[in-house]
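Trainee: One structure, as structure tokens, below. Some questions next.
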Amino acid sequence: MKLTNKRVLLTGASGGIGQALAFELASRGAHLILVGRNGPAMNELVKRLPGAAYHQVMTVKHYSHDEISELREVLQYEPRLDVLINNAGTQCFRWLEKQSFGDIHAQLYTNTEVPILLTRALLDRFNAEGMVVNVGSIMGDIGYPGYSLYCASKFALRGFSEALSRELADTGIRVVYVAPRATDTSLNSEAMVEMNRLLGNKSDSPQWVASQIITAIQKRRLRTRLGFPERFFVKINALLPTLVDNALIRKLAVIQQFARTSLKPGAKKS
1 MKLTNKRVLL
11 TGASGGIGQA
21 LAFELASRGA
31 HLILVGRNGP
41 AMNELVKRLP
51 GAAYHQVMTV
61 KHYSHDEISE
71 LREVLQYEPR
81 LDVLINNAGT
91 QCFRWLEKQS
101 FGDIHAQLYT
111 NTEVPILLTR
121 ALLDRFNAEG
131 MVVNVGSIMG
141 DIGYPGYSLY
151 CASKFALRGF
161 SEALSRELAD
171 TGIRVVYVAP
181 RATDTSLNSE
191 AMVEMNRLLG
201 NKSDSPQWVA
211 SQIITAIQKR
221 RLRTRLGFPE
231 RFFVKINALL
241 PTLVDNALIR
251 KLAVIQQFAR
261 TSLKPGAKKS
């Protein structure tokens, strides 16, 4: 897909990956609809984007059902969409017993229900060769201690993406799923950063992740998983999960040290 003059709706536009995606898309001539909670940040972002006059901002407070319905109503009177990028997300790196009901609901709602609701609301607003892009996670393939709810939400998003892709196989609309590994954004808490350092876990820049998402869009690639050895462990986990069980059990003491802390959890991508 060539992105010149394509209309792209991007959620989580003020977050690290969101901002990087906005620059990548705008530099290729796309016309952006930036959706997120932080209106001032998105307005400042638009001023710095190539072709600022072609982009617009839509602020939501909670991605509530009413706000999603209002978004659909507004877009009903505008040109059709070419791409929807479901990028907004949140996570809480904590042992399950340390997570509140609010923490649990926020992750399941933001990471799973919101992309599904947005896709459902806008599915008939796409051009014939439109595309839904769901930004998942390697943790949508591998259950990782301390991320039980985040993994649950991303496993669900991956399943939704796969099923919807097959559901729409006889149409021109494609569903693309991209799964980054750890990425250097404000979503990471201090505990997460320190744990990854001690365990030697690698992370990527938002700019690199955004470039890989753009490549997946351009090539209309249905599934993309980022990072090595993470891609390798996804295959091992699918075929021989006990090997991954044992590898993570050996790291469990270090993971517990940080997942049980009271350090502030990761911020929301908005």
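First residue of the sequence shown? That's 1 in the numbering used here, and the numbers climb one at a time after it.
Note that the Cβ used here is the ideal one computed from N, Cα and C, for glycine as well.
Can you tell me whether M58 is helix, strand or coil according to DSSP?
Mentor: The sequence position of residue 58 within the sequence shown is 58, counting from 1. Note: M58 maps to strand in three-state DSSP.
Trainee: Which term fits S262, buried or exposed, when burial requires 16 or more other beta carbons within 10 angstroms of its beta carbon?
Mentor: In the sequence shown, the residue the question calls residue 262 occupies position 262. Reliability of the predicted coordinates at S262 is poor, the pLDDT of 44 falling under 50, and no value is obtained from them.
Trainee: Under the rule that 16 or more other beta-carbon atoms within 10 Å means buried, what is R225, buried or exposed?
Mentor: The residue given as residue 225 occupies position 225 in the sequence shown. Buried, because 16 or more other Cβ atoms sit within 10 Å of the Cβ of R225.
Trainee: Leaving out five residues on either side along the sequence, give the residues of the same chain with a beta carbon under 6 Å from the beta carbon of S161.
Mentor: In the sequence shown, counting from the first residue as 1, residue 161 sits at position 161. So the list reads N134, V175 and Y177, once near-sequence residues are dropped.
Trainee: Would you list the residues sitting across from R223 in a DSSP beta bridge?
Mentor: As a position in the sequence shown, residue 223 is number 223, starting the count at 1. Partner(s): Y177.
Trainee: Got a sec? Which residues, its chain only, sit under 7 Å from Y54 by beta carbon, not counting five neighbours each side?
Mentor: Position 54 of the sequence shown, counting from 1, holds the residue named residue 54. Result list for Y54: H31, in chain order.
Trainee: Suppose the cutoff is 6 Å on Cβ atoms and the five residues either side in sequence are ignored; what does the same chain contact list for Y96 look like?
Mentor: Here residue 96 refers to the residue found at position 96 when the sequence shown is read from its first residue. The sequence as given places Leu at residue 96; Tyr does not occur at that position. Excluding the 5 residues flanking it on each side, L96 has same chain C-beta neighbours closer than 6 Å at S148, in chain order.
Trainee: Leaving out five residues before and five after R28 in sequence, what residues of the same chain have Cβ atoms less than 6 Å from its Cβ?
Mentor: Translated into positions along the sequence shown, residue 28 becomes position 28. Only L3 meet the Cβ criterion.
Trainee: Below 8 Å, how does it come out for the stretch 19 to 26 and the stretch 208 to 215: are there three or more Cβ pairs, yes or no?
Mentor: yes
Trainee: Check the C-beta distance from L199 over to N87 and give it rounded, since I have them as a contact under 8 Å.
Mentor: Reading the sequence shown from its first residue, position 199 is the one you call residue 199. Reading the sequence shown from its first residue, position 87 is the one you call residue 87. Actually they are not in contact, since the Cβ atoms of L199 and N87 sit about 26 Å apart, beyond 8 Å.
Trainee: Rounded to whole angstroms, what is the Cα-Cα separation between A267 and S189?
Mentor: Numbered from its first residue, the sequence shown carries residue 267 at position 267. Numbered from its first residue, the sequence shown carries residue 189 at position 189. Because the pLDDT at A267 is just 43, under 50, the model does not fix this residue reliably, and the value given afterwards should be weighed accordingly. So the alpha carbons of these two residues sit roughly 7 Å apart.
Trainee: If we ignore side chains and look at the alpha-carbon of each, how far apart do T90 and E113 end up?
Mentor: One-based indexing of the sequence shown puts residue 90 at position 90. One-based indexing of the sequence shown puts residue 113 at position 113. Separation of T90 and E113 (C-alpha to C-alpha, rounded to the nearest whole angstrom) is 12 Å.
Trainee: Since M192 is in the alpha helix (DSSP H), which residue starts that stretch and which ends it?
Mentor: Stepping through the sequence shown from its first residue, residue 192 is reached at position 192. Note, M192: alpha helix (DSSP H), E190 to L199.
Trainee: If V57 sits next to N43, beta carbons under 8 Å apart, how far is it from one beta carbon to the other, in whole angstroms?
Mentor: Residue mapping note: residue 57 aligns to position 57 of the sequence shown, counting from 1. Residue mapping note: residue 43 aligns to position 43 of the sequence shown, counting from 1. The pair is a contact, with the Cβ atoms about 6 Å apart (cut-off 8 Å).
Trainee: What residues match up with M34 in a beta bridge as DSSP calls it?
Mentor: The residue given as residue 34 occupies position 34 in the sequence shown. The sequence given here has Leu at residue 34, not Met. L10 and V57, per the DSSP bridge assignment.
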